[in-house]
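Trainee:
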Amino acid sequence: MEKFIPIPSRPAPVVEVGLIGWMRKNLFSSIPNTLVTLFTVYMMWIVLVPFLNWAFISADWIGDSRQDCDSGGACWVFVTVRWNLFMYGFYPEDSYWRPNLAFILLLGILVWLSVPRLPFKKWVAIAALTVYPVAAYTLLYGGFGLDVIPTHRWGGLMLTLVLALIGIVVAIPIGILLALGRRSEMPVIRMVCVIFIEFWRGVPLITILFMASVMLPLFFAGGTDADKLMRALIGIVMFQSAYMAEVVRGGLQALSKGQFEGADALGLSYWQKMNLVVLPQALKIMIPGIVNTLISLFKDTSLIVIIGLLDVLGMVRQALADPAWLGYPAEGYLFAAFMFWIFCFSMSRYSIYLEDRLNTGHRK
Amino acid sequence: MTNQQDFIITLKNVNKWYGEFHVLKDINLNVKMGERIVICGPSGSGKSTMIRCINHLEEHQEGDIVVDGVLLNNDLKNIGQIRKEVGMVFQHFNLFPHLTVLQNCTLAPIWVRKMPQKEAEAIAMKYLERVKIPDQANKYPGQLSGGQQQRVAIARSLCMNPRVMLFDEPTSALDPEMIKEVLDVMVELAQEGMTMLCVTHEMGFAKKVADRVIFMDAGQIIEENEPESFFNNPQSDRTKLFLSQVLGH
């Protein structure tokens with residue numbers, strides 16, 4: 001019998017590589033492509049060059065009044081003189097170290113959790129969800145010997161981060177529970193969850209914030225008036241958890257029925273099945289959706305301006321109305337946009353990083 | 001006549017509907033300890049539904065199912081008790097892709113049987129050796145071939161030390177070259193005396209190991225017999241037709 005010998009694999013044909021090859025393939029592959037490339041370069045030239053000139057080259061960076069802005073470029077002095085206001089609102093200046101420390105602790109936790117080599121991940125995560133909130137609350141608000149700084153003095157980027165972070169951390173677990181409830185086989189639980197989700201999702205966030213600030217106090221007996229920030233937070237959390245629930249439901253439905261049956265057949269209980277088999281897989285699928293919701297939550301926090309709390313955008317708008325500094329809306333809004341963009345972009349990159357790291361299960 | 005106690009599984013007048021559709025009609029079946037039963041029939045005949053009722057992946061509406069002395073009803077405790085003792089192997093394996101092969105095997109022993117991790121791992125390795133893939137223990141299911149995945153699924157069920165194994169078309173999703181490696185494992189299992197209920201189209205397997213072959217169509221058990229008589233001397237014309245189509249090609 002003839003012996004079968006497979007043909008050995010050969011290397012793929014060498015294509016044009018390097019910068020020239022890349023440009024030829026991607027920028028100048030055809031006449032229309034070449035025209036589009038040239039047109040794009042031209043547009044970048046006429047838009048980007050003046051912008052860069054305005055924003056950086058002929059901009060004013062140093063000074064303490066509008067008289068220092070005389071070069072004709074952007075007047076970043078507008079931002080630098082109000083830097084503290086934009087970051088901390090009306091938080092007392094001698095206590096800036098408190099929010100700073102809270103922020104540094106947060107960064108430390110995030111870095112620790114995202115660097116694969118560092119040990120004790122589980123304990124750091126538990127501390128992040130138990131010890132850290134208490135510590136951050138004490139640092140920001142006061143107590144244990146620290147002066148109490150009422151929340152109406154909070155503002156700026158610090159307020160944005162507080163709202164977004166609490167909203168995110170509380171909305172995710174509530175959202176997961178709501179999604180599981182909506183898929184429950186028990187009719188009462190399912191109905192309660194559906195009503196909750198559809199109610200909060202059907203109402204604009206602005207309305208919820210108004211209700212939280214105007215109507216909630218009416219329901220409380222006099223004197224038990226909850227803090228304004230707290231009321232806004234409850235509204236935001238309810239609203240976001242309804243959205244989160246629908247993202248989670250999407251992830252649960254993307255999972256094949258076989259995974260549920262496999263877990264059932266092994267005798268796992270409902271919560272074991274969810275925690276050990278379903279959610280670890282579903283949450284992985286849901287990362288893009290969850291991060292999408294988180295980014296929109298982060299930006300929605302600026303809506304609290306309508307109940308009189310000033311986040312970073314609110315602070316900028318207030319500064320723009322200052323008679324001594326009229327005429328710098330471009331600088332103000334660009335700065336606010338940049339602040340939001342930094343955080344939203346970081347979240348987006350972090351989610352991509354997470355997806356890559358959690359991808360092991362399906363790797364071929 | 002043997003009494004009820006000798007049967008590990010008893011189905012008595014079991015009926016099931018999907019909405020208006022009557023899937024299982026008056027199913028009666030008794031399975032003795034150590035018995036190997038092969039269930040065959042055309043698709044849509046209710047054979048998968050029947051064995052899925054035994055561990056309550058499907059709910060039956062009428063009749064009694066008793067597994068190892070436990071009556072199957074809506075009591076979660078009973079369902080859990082039965083699922084502990086009944087292993088199941090699926091057509092599409094249903095391994096957990098986010099866990100390694102070893103973790104797939106130790107998950108249920110650790111969480112359901114409350115076994116210490118070391119002990120669970122030792123048992124898992126023992127069964128992975130039996131299905132001849134101990135060297136794949138630390139890989140993820142997505143890195144294995146279909147035949148290997150199905151063997152892991154069998155090992156995963158065995159780790160719970162079940163008294164009965166249910167197989168729901170275990171080779172239907174496999175390439176021809178991989179069917180044999182899975183069937184070999186199943187034959188070995190049968191020879192060791194495991195009680196097995198197996199829905200399959202592998203007639204060679206049925207001839208080789210089955211104590212009884214059951215033929216189902218339209219939600220009913222039409223014929224049951226030992227393989228010798230079943231294949232050579234079918235009683236019903238429906239069985240004859242089915243066999244001529246299955247064995248004819």
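Protein chains in written order, with full-length UniProt numbering: chain A, 1 to 364; chain B, 1 to 249.
All C-beta atoms, glycine included, are put in the ideal place defined by N, C-alpha and C.
Every value quoted in this text rests on a predicted model; they were computed, and no experiment measured them.
1. For B/V38, count neighbouring Cβ atoms within 10 angstroms of its own Cβ and tell me buried if that reaches 16, exposed if not.
2. In chain A, which residues lie with their C-beta within 7 Å of the C-beta of B/N94?
3. Going along chain A in order, which residues have a C-beta closer than 7 Å to the C-beta of B/N55?
4. Which residues in chain A sit within 8 Å of B/I80, going by Cβ to Cβ distance?
5. Counting only Cβ pairs nearer than 7 Å, list the residues of chain A close to B/W111.
6. Count the other C-beta atoms from every protein chain shown that fall within 10 angstroms of the C-beta of B/M1, then say buried if there are 16 or more, exposed otherwise.
7. Quick one: give me the first and last residue of the beta strand (DSSP E) that B/N13 is part of.
8. Taking any Cβ of chain B, which residues in the region 111 to 134 of chain A have a Cβ under 7 Å from it, in chain order?
9. Cβ of A/W61 within 8 Å of Cβ of A/W76?
10. Which residues in the same chain have their Cβ closer than 6 Å to the Cβ of A/S71, if we skip the five residues on either side of it in sequence?
11. Would you kindly check if the distance between the Cβ of A/Q253 and the Cβ of A/Q281 is under 8 Å?
12. By the DSSP assignment, the alpha helix (DSSP H) with A/R10 in it spans what residues?
13. Give the single residue among B/H60, B/I154, B/I51 whose Cα lies nearest to the Cα of B/V131.
14. For B/F231 and B/V199, what's the separation of their Cα atoms in angstroms?
15. At a Cβ threshold of 8 Å, is B/K84 touching chain A?
16. With respect to the alpha helix (DSSP H) encompassing B/K126, which residues constitute its N-terminal and C-terminal limits?
17. Since A/Q281 meets chain B, which of its residues come closer than 8 Å, beta carbon to beta carbon?
18. Interface residues of chain A around B/L90 at Cβ under 9 Å?
19. In chain A, what lies closer than 8 Å to B/A124 by C-beta?
20. Quick check on the DSSP output: the alpha helix (DSSP H) that includes A/D300 runs from which residue to which?
21. Is it right to say A/C69 is buried, meaning 16 or more other beta carbons lie within 10 angstroms of its own, or is it exposed?
22. Spell out whether any CB of chain A is found under 8 Å from the CB atom of B/L107.
23. Using the C-alpha atoms, what's the distance from A/F144 back to A/L216?
24. So B/E177 is in the alpha helix (DSSP H); what residue range does that whole segment cover?
25. Checking the sheet assignment: what are the DSSP bridge partners for B/L71?
26. Nearest-angstrom Cα distance between A/L157 and A/L326?
27. Nearest CA to the CA of A/Y96: which residue from A/K228, A/L129, A/D147?
28. Going by the beta-carbon positions, is the gap between A/L276 and B/L72 smaller than 8 Å?
29. Give the straight-line distance between the Cα atoms of A/L255 and A/V278, rounded to the nearest whole angstrom.
30. Is A/R82 helix, strand or coil when you go by DSSP?
31. Within the same chain, show all residues whose beta-carbon is closer than 7 Å to that of B/G46, passing over the 5 residues directly before and after it, in chain order.
32. Put A/K3 into one of helix, strand or coil per three-state DSSP.
33. Checking contacts by CB at 8 Å: is B/M196 closer than that to chain A?
34. Does B/M186 come within less than 8 Å of chain A when only Cβ atoms are used?
35. How would you list, in chain order, the residues of chain A whose beta-carbon sits under 8 Å from the beta-carbon of B/M160?
36. Quick check on A/D264 - is its C-beta less than 8 Å from some C-beta in chain E?
Mentor: With the given structure in hand:
1. buried
2. G258, Q259, E261, G262
3. A265
4. Looking at the sequence itself, residue 80 of chain B is Gly, so the reference to Ile does not match. In chain order: G267, S269.
5. L268, Q272, L276
6. With a pLDDT of 43 at B/M1, under the threshold of 50, the predicted position of this residue should be treated as unreliable, and no value is reported.
7. 7 to 18
8. none
9. yes
10. S58, D60
11. no
12. From DSSP, A/R10 is part of no alpha helix (DSSP H); its letter is neither H nor E.
13. B/I154
14. 16 Å
15. yes
16. 117 to 130
17. F96, P97, H98
18. Just to set this straight, residue 90 of chain B is Phe in the shown sequence, not Leu. The contacting residues are G258, E261, G262, A265.
19. Residues of chain A passing the Cβ test: none, with the nearest at roughly 13 Å.
20. 279 to 300
21. buried
22. yes
23. 30 Å
24. 176 to 191
25. B/V66
26. 22 Å
27. A/D147
28. no
29. 8 Å
30. coil
31. V23, L24, M216, G219
32. coil
33. no
34. no
35. L266, G267
36. Judged by its chain identifiers, the structure shown contains no chain E, and its protein chains are A and B.
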